[in-house]
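Numbering (the working numbering), first residue to last: 390 to 640.
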Amino acid sequence: LREDKTISKRTKTYLKELEDRGNIIVLASGRSPRAIIHHYESMSLHSPYIAYNGNYLNDTINREETIFKKIGQIFLKSFFDRFSFDHFSYVSVESLDNLYMLKEDDRFEDFIFPKKTNLILGDIKKNVNEDLMSFIFQVKDKDIKDDIEKFASEDEDIQLRFWYNLDDYGEFYPSSISKATSLEKLIKDHQIKREDVIAIGDGNNDFEMLSLASLSFAMKNGSAELKSKSRYVTEYTNDEDGVYHVLKDIF
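Below, the structure is given as structure tokens:
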């Protein structure tokens with residue numbers, strides 16, 4: 390996505406052209422399915438897509454949905470037993486059907502699409518009675534990050550990642566789950582040769598996916614850590630149609 394959270398017409402057209410030529414175009418995101426589908430539909434794609442950083446796979450070719458592992462509601466309740474809501478400027482957690490927030494907040498409207506799901510406001514600890522797909526928060530004071538990391542390390546089923554571009558934001562996610570988890574399933578189910586897999590990403594949540602692909606690119610505007618570990622870095626940024634240029638050079 391570009392800085393304004395859109396995809397250029399040139400990139401959309403070329404991705405659709407590649408799909409029409411027999412390639413499988415997979416959109417992989419940390420977003421929920423509802424926040425991906427409008428991008429997917431705007432390109433008229435029919436290929437699979439990956440949501441929740443690999444924890445959800447919609448294989449539209451095989452007409453199969455897969456959820457790999459959820460964040461237990463027990464973890465959420467124990468987290469808020471340890472850390473009061475006063476420590477956070479923002480909290481949102483969600484299942485496939487429900488989005489829970491402390492209060493209405495439109496700062497990530499394009500990311501979480503609150504109007505496209507059942508929004509439940511108020512005491513998250515009290516309101517949540519189901520296991521979850523996503524758990525995002527913003528700390529008021531960065532000094533608490535070490536305490537949160539220590540708390541997360543005590544649960545072998547949970548991992549914690551702070552965002553590279555907004556390091557007061559963090560997210561919990563199930564251990565051993567990444568975008569590569571879904572990608573591996575697609576490779577196996579569709580009998581794709583590893584040497585035919587190309588991956589492009591810009592965030593630290595893309596590292597496992599890029600490591601899995603035989604040909605991988607970190608975006609020029611991506612995180613420094615991802616670029617340092619990637620085989621290649623694109624010549625152009627997201628705003629400069631970097632994905633389009635890379636694929637055009639390959640195909």
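Here a beta-carbon is modelled for each residue, glycine too, at the ideal position from N, C-alpha and C.
Inter-residue distance for Asp448 and Glu408 is about 15 Å (C-alpha atoms, whole angstroms). Beta-bridge annotation (DSSP): Ile509 is paired with Tyr489. The distance from the Cβ of Lys568 to that of Ala417 is about 5 Å, consistent with a contact at the 8 Å cut-off. Closest in C-alpha terms to Asn451, from the list Phe606, Ile576, Ala588, Glu519, comes Ile576.
Assignment of beta strand (DSSP E) within the segment 508-547, counting only whole runs of 3 or more residues, yields 523-528 in chain order. When Cβ pairs closer than 8 Å are counted between the two stretches, the segment 507-526 is seen not to touch the segment 428-435, the count staying below three. Pairing Phe640 with Ser619 gives a Cβ-Cβ distance that is not under 8 Å. Scanning its chain for C-beta atoms nearer than 7 Å, with the 5 sequence neighbours on each side dropped, one finds around Phe596 the residues Leu615, Lys618, in chain order.
Annotation for Val586: no alpha helix (DSSP H) segment contains it, and DSSP assigns it neither H nor E.
Leu485 places its beta carbon less than 8 Å from that of Met522. Counting only the Cα atoms, Lys539 lies some 41 Å from Leu636. Ser571 places its beta carbon less than 8 Å from that of Leu446. Residues Ile396, His428, Asn627 of the same chain have their beta carbon placed closer than 8 Å to that of Leu390, with the five preceding and five following residues left out of the count.
Counting only runs of at least 4 residues, the segment 413-454 fully encloses the following alpha helix (DSSP H) elements, listed from N- to C-terminal order: 422-431.
Per DSSP, the continuous alpha helix (DSSP H) segment holding Gly631 begins and ends at 631-639. With respect to the C-alpha of Gly631, the residue from Asp494, Ser600, Tyr438, Ala588 having the closest C-alpha is Ala588. A direct Cα-to-Cα measurement between Ser603 and Ile414 gives close to 16 Å. One thing to note: Phe551 has its Cβ no nearer than 8 Å to the Cβ of Phe524.
With respect to Glu498, Tyr489 sits apart: the two C-beta atoms are not nearer than 8 Å.
In the structure shown, Arg410 falls within a coil segment according to DSSP collapsed to helix, strand and coil. For Ser571, the enclosing alpha helix (DSSP H) has its first and last residue at 568-578.
Counting only the Cα atoms, Gly590 lies some 16 Å from Glu573. Counting along the chain, the unbroken alpha helix (DSSP H) around Phe596 starts and ends at 596-601.
A distance below 6 Å between beta-carbons, with the five flanking residues on each side excluded, links Ser478 to the following residues of its chain, in chain order: Gln527, Lys529. Nearest to Ser436 by alpha-carbon distance, out of Arg420, Glu454, Gly419, Asn444, is Glu454.
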